[in-house]
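Undergrad:
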């Protein structure tokens with residue numbers, strides 16, 4: 002079993018309504034179907050409970066853009082249409098975290114404008130200030146936000162653990178291929194293997 006120490010933190014990435022709740026503007030990409038089929042939100046809640054029961058840090062990361070989309074990368078194949086469809090707009094239902102796994106008032110929320118949770122955010126600074134050396138990753142999508150965060154955390158010398166059944170992708174193929182890649186830069190574990 003994986004033993005978690007006090008220098009560990011859980012990072013939950015992009016579990017926002019836009020991607021994982023009925024009515025979200027990005028659910029058509031397959032994320033909602035994957036989440037429902039694999040009980041991802043229930044698994045993430047169990048993972049969060051493990052960390053909370055041990056008073057360990059949990060960070061919640063969400064991608065969002067200001068109302069005027071000033072930070073929006075118009076040429077991005079991934080985010081390019083967000084402005085047109087008013088998707089991922091800050092301070093809207095779409096960028097609220099899914100109700101089942103929303104942050105507690107004491108838990109830090111990080112806002113990002115790109116794929117990686119580390120790019121242009123204060124995530125690394127806060128992790129360092131809190132003495133965190135091991136990060137557990139869960140989120141959407143496995144092949145995008147999780148893989149980007151894992152690469153960035155790895156290159157910043159964090160010990161990275163990806164909790165595979167607490168991550169979602171557009172489909173099984175994307176998810177499983179990404180897990181193969183992630184094994185090269187992180188430890189890939191199932192929820193049942195995480196004992197804190």
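Numbering (my numbering), first residue to last: 2 to 197.
No residue lacks a Cβ here, since even glycine has one placed at the ideal position from N, Cα and C.
1) If I measure Cβ to Cβ from residue 4 and keep anything under 6 Å in the same chain, skipping five residues before and after, which residues do I get?
2) Does the Cβ of residue 133 have 16 or more other Cβ atoms within 10 Å, making it buried, or fewer, making it exposed?
3) With distances taken from CA atoms, which of 137, 126, 113, 90 is nearest residue 63?
4) Return the chain-ordered list of same chain residues with a C-beta closer than 7 Å to the C-beta of residue 80, the five sequence neighbours on each side being excluded.
5) Excluding the five sequence neighbours on either side, which residues of its own chain have a C-beta within less than 7 Å of the C-beta of residue 83, listed in chain order?
6) Using only alpha-carbon positions, find the residue among 47, 12, 34 that is nearest to residue 22.
7) Report the option in 39, 77, 127 whose CA atom is closest to the CA atom of residue 110.
8) Helix, strand or coil for residue 32, going by three-state DSSP, please let me know.
9) Grab me the residues of residue 92's own chain with a C-beta within less than 7 Å of its C-beta, minus the 5 sequence neighbours each way, in chain order.
10) Tell me whether residue 58 sits in a helix, a strand or coil according to DSSP, three-state version.
11) With H, G and I counted as helix, E and B as strand and the rest as coil, what does DSSP make of residue 166?
12) Can you tell me whether residue 121 is buried or exposed? The criterion is at least 16 other CB atoms within 10 Å of its CB, across all chains shown.
TA: Inspection of the coordinates gives the following:
1) Low confidence applies here, because residue 4 scores a pLDDT of 44, under 50, leaving its location unreliable and the question unanswered by this model.
2) Burial check for residue 133: the Cβ neighbour count within 10 Å reaches 16 or more, so the residue is buried.
3) Among 137, 126, 113, 90, the Cα nearest to that of residue 63 belongs to 113.
4) Hits under 7 Å: 73, 74.
5) So the qualifying residues of the chain are 66, 73, 89.
6) Of the candidates 47, 12, 34, the residue whose Cα lies closest to the Cα of residue 22 is 34.
7) Of the candidates 39, 77, 127, 127 places its Cα closest to the Cα of residue 110.
8) The answer is helix: DSSP assigns residue 32 an H, G or I state.
9) Within the same chain, residue 92 has no close Cβ partners at all.
10) In the structure shown, residue 58 falls within a strand segment according to DSSP collapsed to helix, strand and coil.
11) Residue 166: strand per DSSP, three-state reduction.
12) Flag for residue 121 reads exposed.
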